[in-house]
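Student: Structure below; questions to follow.
In my numbering, the protein residues as written are 11 to 391.
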């Protein structure tokens with residue numbers, strides 16, 4: 011299933027469609043921001059904006075344009091997704107199984123969890139049924155096929171080992187996309203933009219490099235971020251200081267093993283403190299807690315593959331399959347915003363006053379929404 015996900019959702023073929031959808035979303039964002047920019051005072055909730063961008067990109071690529079259709083009985087798509095993202099942060103019972111179960115029951119968490127699962131399950135069934143109707147009706151053109159169309163095509167055939175993808179496998183894939191493909195990217199975008207506006211030196215250097223390397227362009231799809239080295243440093247530094255999943259995804263030991271002299275028995279839940287590793291001063295120096303993108307200037311290699319000083323995507327066979335595509339999408343969104351607009355904090359807020367408190371548990375986002383003032387960039391003739 012992982013191989014199918016990697017080849018069909020985050021592979022080169024799907025990346026082209028993702029880019030097309032993302033470009034369309036950013037063109038819409040630029041038009042929206044341009045309508046606010048002339049006043050130089052209108053605040054924009056960047057957290058909400060990033061959520062809408064990522065949600066549109068992920069869901070359109072995965073499920074097509076009709077993903078907002080909702081079951082006849084149940085909450086709206088946006089309400090259901092917001093509830094799912096909140097429930098994914100976990101409960102007391104995840105950390106304290108015996109006492110926590112009682113607290114979760116008293117607090118109503120278990121009821122919310124059951125209701126949320128039932129609503130999401132109904133939505134996924136509806137999306138799958140809708141795609142099955144299209145697959146059995148008119149032939150869907152190859153260029154119009156979304157990820158779910160492709161998976162359903164595969165479900166009618168056995169692979170080389172004789173296994174056929176079943177309905178439960180498909181629902182699990184959809185759940186993984188919703189759980190892992192949206193919130194983690196959104197929080198990375200919010201943290202990146204927060205750190206950039208909080209550090210004027212970084213914003214100045216980054217905008218200069220983006221604009222000087224790109225030149226004057228009129229369309230979003232003309233923006234090429236592949237050779238903007240400082241942009242990649244900024245995104246890496248963001249993921250170092252603010253890994254979306256600070257303890258990664260919990261792993262369970264399947265056999266007796268030893269880690270750093272400690273015995274780990276089968277069935278033990280193991281958490282990796284990626285947040286602590288990425289801020290270790292013995293690895294990153296005395297300025298480990300400082301946002302300093304230049305530290306990556308001479309650091310080669312892929313983190314999580316052949317380097318383990320930071321693990322924003324985990325490592326090994328269980329690493330996040332989107333470890334290549336997600337940073338590229340973040341880079342493109344940030345570059346687009348910084349190319350067309352200059353950015354300021356709302357009136358009365360200084361850089362050092364920007365609230366950088368964490369919020370959440372499994373996914374560690376910014377506690378308060380990021381609000382900024384866009385100012386359309388004026389080019390010198």
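Every residue gets a Cβ at the ideal spot worked out from N, C-alpha and C, and that includes glycine. Owing to the predicted nature of the structure, the values given are computational and were not obtained by experimental measurement.
At which residue ranges does the segment 289-349 contain complete alpha helix (DSSP H) runs of 4 or more residues, listed in the order of the chain?
Tutor: You should have 291-294.
Student: Would you mind stating whether residue 348 and residue 217 have Cβ atoms separated by less than 8 Å?
Tutor: Their beta carbons are under 8 Å apart, which means residue 348 touches residue 217 by this criterion.
Student: Does residue 109 pass the burial test, meaning 16 or more other C-beta atoms within 10 Å, or should it be called exposed?
Tutor: Classification of residue 109: exposed, given that the 10 Å Cβ count is below 16.
Student: Is it buried or exposed, residue 264, if we count other Cβ atoms within 10 angstroms and call 16 or more buried?
Tutor: With fewer than 16 Cβ atoms within 10 Å of its Cβ, residue 264 is classed as exposed.
Student: Is residue 175 helix, strand or coil by DSSP?
Tutor: Correct three-state label for residue 175: coil.
Student: If you measure between the beta carbons of residue 132 and residue 84, is that distance less than 8 Å?
Tutor: Yes, the pair counts as a contact, with Cβ atoms nearer than the cut-off.
Student: With a cut-off of 8 Å on the beta carbons, I'd call residue 65 and residue 91 a contact; round off their distance for me.
Tutor: The Cβ separation is near 7 Å, so the contact holds.
Student: Determine the DSSP secondary structure at residue 48, reduced to helix, strand or coil.
Tutor: Correct three-state label for residue 48: helix.
Student: Do you know offhand how far residue 134's Cα is from residue 270's?
Tutor: So the alpha carbons of these two residues sit roughly 43 Å apart.
Student: Please report the residue range of the alpha helix (DSSP H) in which residue 217 lies.
Tutor: First-last of the alpha helix (DSSP H) with residue 217: 210-224.
Student: So, using beta-carbon positions, are residue 243 and residue 306 closer together than 8 Å?
Tutor: Their beta carbons are under 8 Å apart, which means residue 243 touches residue 306 by this criterion.
Student: Where does the unbroken alpha helix (DSSP H) through residue 163 begin, and where does it stop?
Tutor: 157-165 is the extent of the alpha helix (DSSP H) around residue 163.
Student: Can you give me the start and stop residues for the beta strand (DSSP E) that residue 268 sits inside?
Tutor: Run containing residue 268: 267-269, per the beta strand (DSSP E) assignment.
Student: Quick test of your reading: residue 114 and residue 103, contact by CB under 8 Å. State the CB separation rounded to the nearest angstrom.
Tutor: That belief holds up - the Cβ atoms of residue 114 and residue 103 are roughly 5 Å apart, short of 8 Å.
Student: Taking contact to mean 3 or more Cβ pairs, one atom from each stretch, closer than 8 Å, check whether the segment 375-391 and the segment 51-58 are in contact.
Tutor: Yes, the segment 375-391 is in contact with the segment 51-58.
Student: Count the other C-beta atoms from every protein chain shown that fall within 10 angstroms of the C-beta of residue 261, then say buried if there are 16 or more, exposed otherwise.
Tutor: With fewer than 16 Cβ atoms within 10 Å of its Cβ, residue 261 is classed as exposed.
Student: Which residue's Cα is closest to the Cα of residue 220: 205, 206, 238?
Tutor: Measuring from the Cα of residue 220, the nearest candidate turns out to be 238.
Student: What's the gap between the Cα of residue 290 and the Cα of residue 200?
Tutor: C-alpha separation (whole angstroms): 23 Å.
Student: Closer than 7 Å by C-beta to residue 387: which residues in its own chain qualify, once you throw out the five before and the five after it? Chain order, please.
Tutor: For residue 387, where only same-chain residues beyond five positions count, the Cβ hits under 7 Å are 350, 351, 352.
Student: What did DSSP end up calling residue 384 once you bin it into helix, strand or coil?
Tutor: Residue 384 falls in the strand class under three-state DSSP.
Student: Taking residue 277 as the reference, give the member of 285, 266, 284 with the closest Cα.
Tutor: Cα-wise, what sits closest to residue 277 is 266.
Student: In this structure, how does DSSP classify residue 353 when only helix, strand and coil are distinguished?
Tutor: DSSP places residue 353 in strand when its eight states are reduced to three.
Student: How many Å lie between residue 37 and residue 272 at the Cα?
Tutor: Distance between the alpha carbons of residue 37 and residue 272: 53 Å.
Student: My output table needs one value for residue 252: the three-state DSSP class, helix, strand or coil.
Tutor: If DSSP states are grouped into helix, strand and coil, residue 252 belongs with coil.
Student: Among all the DSSP beta bridges, which residues are the ones paired with residue 261?
Tutor: Answer is 280, bridged to residue 261.
Student: According to the Cβ coordinates, are residue 47 and residue 158 closer than 8 Å?
Tutor: In this structure, residue 158 does not lie closer than 8 Å to residue 47 by Cβ.
Student: Whose C-alpha, out of 123, 230, 174, is nearest the C-alpha of residue 34?
Tutor: Among 123, 230, 174, the Cα nearest to that of residue 34 belongs to 230.
Student: Going by Cα to Cα distance, which pick from 228, 128, 259, 354 is closest to residue 194?
Tutor: Taking only the C-alpha atoms, the option nearest residue 194 is 259.
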